[in-house]
Amino acid sequence: MKFKKRILLIIIQLLVVSFLAQEKTTKQSPISILSLQKEFIVGDEIVLEFNVKKDTLYSLYCTNSYGSTLIESKAVKNKVTFKIPSFLSKKRGVLSWKAINYEKTTFGEILISSQQQPTSIETYLGPPSIDAGGLDYTMLVVIPTDSLDNPILDNSKVDVKYQFLKSEEKVNILTDKLIGHKNIFSPNKSGRMIISSESYGLNSKEFDVNIMPAIASNFEIFMHRNHDYADGNQITTLYTSTIKDKNQNIISDGSYIEFYIKNKEGGILKTAATTINGVAHAKIVHPDFEDVWTVKAYFIGISESNTITIKYKKVIEDFNVVFEDNNRTITVGPLESFMGQIIPDGLYVKLSLYKNKKFINALFKESNNGFATFYLDPNIYENDVYNFVIESAGIKKEFKGFKL
Numbered sequence: 024m025k026f027k028k029r030i031l032l033i034i035i036q037l038l039v040v041s042f043l044a045q046e047k048t049t050k051q052s053p054i055s056i057l058s059l060q061k062e063f064i065v066g067d068e069i070v071l072e073f074n075v076k077k078d079t080l081y082s083l084y085c086t087n088s089y090g091s092t093l094i095e096s097k098a099v100k101n102k103v104t105f106k107i108p109s110f111l112s113k114k115r116g117v118l119s120w121k122a123i124n125y126e127k128t129t130f131g132e133i134l135i136s137s138q139q140q141p142t143s144i145e146t147y148l149g150p151p152s153i154d155a156g157g158l159d160y161t162m163l164v165v166i167p168t169d170s171l172d173n174p175i176l177d178n179s180k181v182d183v184k185y186q187f188l189k190s191e192e193k194v195n196i197l198t199d200k201l202i203g204h205k206n207i208f209s210p211n212k213s214g215r216m217i218i219s220s221e222s223y224g225l226n227s228k229e230f231d232v233n234i235m236p237a238i239a240s241n242f243e244i245f246m247h248r249n250h251d252y253a254d255g256n257q258i259t260t261l262y263t264s265t266i267k268d269k270n271q272n273i274i275s276d277g278s279y280i281e282f283y284i285k286n287k288e289g290g291i292l293k294t295a296a297t298t299i300n301g302v303a304h305a306k307i308v309h310p311d312f313e314d315v316w317t318v319k320a321y322f323i324g325i326s327e328s329n330t331i332t333i334k335y336k337k338v339i340e341d342f343n344v345v346f347e348d349n350n351r352t353i354t355v356g357p358l359e360s361f362m363g364q365i366i367p368d369g370l371y372v373k374l375s376l377y378k379n380k381k382f383i384n385a386l387f388k389e390s391n392n393g394f395a396t397f398y399l400d401p402n403i404y405e406n407d408v409y410n411f412v413i414e415s416a417g418i419k420k421e422f423k424g425f426k427l
C-alpha cells in the first residue's frame, strides 16, 4: 500500500514539472524584432520594425552622444514601425535604442558611419612662426568632414604638402580619432613655408609659416671716426659685423643691440641701435678730454661681441684766462683745436670757487666763438679772497688769492 502511494506521488510531481516546463516554453515576449540592419551611413533613413502580439501603443527610447528622444507608434496588424529622427541619424557614432511598454525588455545598438567622401576640410596650423634649425616645429591638424559635418572614418588618407625655397614635399598621414595631424619641423634656413592638405581629391586652403632665424651667435664690433681728437664735437660710429645664427641665417631686422663703454676713470657710457640686414650702427659724441674707451656690445640675454679699445687724444694743449672788473669777470680763451682753429661751440668750461680752502660753488659755461665768460655777481659772492680752479678739455688751471 505504501509502495503504491509513493509511486502515485512521483507521478504527480512529474506531471507538475512537465506542466511548468510547457508553460515556460509556450510563454513568449509580446514584441519581437522583425528585421534590423545594424550599420548605416549618415543621412540614411533608419527604420526599426517589430512584430507584436497586441495592437497597442509602444515606445522606443533612442540616445547617442548628441541627444535622446522617445519615439511613439501604434501597432497595425501585429507590426510596429519606428523611424529614427534625422537629428540622430545624421550624426556618426553609436545609436542605442530600447523598446519599452511591454513585459520583456528589448534593446540594441546601431552603428552610423560617416560618408567617406569629404565635402570640407577643417585645417588648423600653429604656431605661425618657428625658429630655424630643425628643433622647433609647427603642427598641422586636418579634419575632413562629410556633407553633414561628420568627420570621415578613421584611417582615411590625408596628403600633407609643403613648399620651402626650391623644395616641395608630400607626406601621407591617416586620420585617427576623427583628426589627422602632422608635426612639421623647421629647416635650417630661414624663410617662408607654404603648407596645404588634401583628402580624396578635396584640397584645403593655403597656410604659411615664417621660419625665423634661431638664437644669434656671438659677433664682432668695429668703429669709425673722422679723427681721434677729443673735441667733444665729432661723432664716433660703432657698428657690428653681420649677426647670424648657427646656421648662418641673418637675424631679424629690429634686433636691439646695446654698446657699453667704460672710460679710463671707470665711468660707464651707453649707446644702442637696432639691426638692419643683421648690422647695427650706433653713434656717440667724442669726449671733450683725453680718454681711453673700452667698448663691448650685447644682444641682451642672447649673445655678445668682442671688446675693442678706442683712444682719444687731447685736442687743446693750453688756454688763456683773463680776469677783469676787479676779478669778477673771468674770460677763458681763445680755445683752439688741434689745427689751431677755433674749437666748435659747445665745449664745456667749469669754474670752481673756494674760500678758506672750502668749496663754495661751481659754474659751467659752454664755449661760444672760442670763449667762455663768467661773471661773479657781488650780490652772491661777497668781497673777499678766493681761489679759482678752471677746467676744460681735460686741462686744469688753479688761481689762488684773488680778491673780489
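Numbering follows my numbering, in which position 222 of the sequence shown is assigned residue number 245; successive positions increment by one, without gaps.
All C-beta atoms, glycine included, are put in the ideal place defined by N, C-alpha and C.
Just so we're clear, the structure is a prediction, and the values are computed from it rather than from any experiment.
Residue range of the beta strand (DSSP E) that includes leucine 201 | Taken as a continuous stretch (DSSP letters only), leucine 201 belongs to no beta strand (DSSP E), as it is neither H nor E.
DSSP three-state assignment for phenylalanine 110, whether helix, strand or coil | helix
Evaluate threonine 92 with the Cβ neighbour count: other Cβ atoms within 10 Å of its Cβ, from every protein chain shown; 16 or more gives buried, anything less gives exposed.
-> exposed
Mind reading off the beta-carbon distance from tyrosine 185 to isoleucine 218? Whole number of angstroms is fine, and I expect it under 8 Å.
-> 4 Å
Hey, could you find the ends of the beta strand (DSSP E) leucine 197 is sitting in?
-> 190-197
Using a threshold of 7 Å, state whether the C-beta atoms of serine 198 and aspartate 182 are closer than that.
-> Note that residue 198 corresponds to threonine in the displayed sequence, not to serine. No, the Cβ-Cβ distance between threonine 198 and aspartate 182 is not below 7 Å.
When we look at the beta-carbon of valine 40 and count the other beta-carbons within 10 Å, is it buried (16 or more) or exposed?
-> Caution applies to valine 40, whose pLDDT of 37 falls short of 50 and renders its modelled position unreliable; the model cannot decide the point.
Is DSSP giving proline 151 helix, strand or coil here?
-> Residue state, collapsed to three classes: coil.
Can you check DSSP and say which residues form a bridge with methionine 246?
-> Leu261
Would you please state the rounded distance, in angstroms, between the beta carbons of proline 236 and isoleucine 280? I believe it to be under 8 Å.
-> Not really, about 15 Å apart at Cβ, beyond 8 Å.
By a C-beta neighbour count over all protein chains shown, 10 Å radius and 16 as the cutoff for buried, is phenylalanine 208 buried or exposed?
-> With fewer than 16 Cβ atoms within 10 Å of its Cβ, phenylalanine 208 is classed as exposed.
Quick check: the segment 390-401 against the segment 358-375, are there 3 or more CB pairs under 8 Å?
-> yes
Cβ-based burial, aspartate 400 [other Cβ within 10 Å; buried from 16] | exposed
Unbroken stretches of the alpha helix (DSSP H), 4 residues or longer, contained in the segment 62-140 | 109-112
Are aspartate 276 and isoleucine 307 touching if we call contact CB-CB under 7 Å?
-> no
In the DSSP assignment, find the beta strand (DSSP E) that holds glycine 424 and state where it starts and stops.
-> 418-426
Between which two residues does the beta strand (DSSP E) containing lysine 378 stretch?
-> 371-378
Residues in its own chain within less than 7 Å of threonine 104 by CB, not counting five upstream and five downstream?
-> Val70, Glu72 and Ser96
Expected contact under 8 Å - CB spacing of leucine 148 and leucine 163 to nearest Å | Sure, about 5 Å apart at Cβ, within 8 Å.
What are the start and end residues of the beta strand (DSSP E) that includes isoleucine 403?
-> First-last for isoleucine 403: undefined, no H or E at that position.
Backbone CA spacing between phenylalanine 253 and glutamate 313 [nearest angstrom] | With the sequence shown as reference, residue 253 is identified as alanine, and phenylalanine is not the correct amino acid for it. Computed Cα separation, rounded: 6 Å.
With which residues is aspartate 182 paired in a DSSP beta bridge?
-> Per DSSP, Asn195 and Glu221.
For my contact list, lysine 12 and aspartate 251 are in at a C-beta cut-off of 8 Å; report their separation, rounded to the angstrom.
-> As displayed, the chain neither begins before 24 nor continues past 427, which places residue 12 out of reach and without an answer.
Where glycine 214 falls: helix, strand or coil (DSSP) = Here glycine 214 sits in strand by DSSP.
Paired residues, beta bridge with histidine 304 - DSSP | Tyr262
From Tyr223, Glu414, Glu62 and Asn206, pick the residue whose C-alpha is nearest to that of valine 232; which is it?
-> Per the Cα distances, Asn206.
Coil, strand or helix - aspartate 254 by DSSP | coil
Alpha carbon to alpha carbon, what distance is there between lysine 121 and isoleucine 94?
-> 10 Å
Compare the Cα-Cα distances from asparagine 87 to each of Asn124, Ile133, Asn74 and Met216 and report the closest residue.
-> Ile133
Bridge partners - leucine 386, DSSP secondary structure assignment = Leu374
Beta-carbon separation (whole angstroms), valine 408 vs lysine 426, contact threshold 8 Å = 5 Å
Count the other CB atoms within 10 Å of the CB of tyrosine 81; is the residue buried (16 or more) or exposed (fewer)?
-> buried
Among Ser415, Gly301 and Tyr321, which one has its Cα closest to the Cα of aspartate 341?
-> Checking every option, the nearest Cα to that of aspartate 341 belongs to Ser415.
Which word fits phenylalanine 322, buried or exposed, when buried means at least 16 other C-beta atoms lie within 10 angstroms of its C-beta?
-> buried
For methionine 162, the first and last residue of its enclosing beta strand (DSSP E) = 160-168
So the beta strand (DSSP E) alanine 395 belongs to, where does it begin and stop?
-> 395-398
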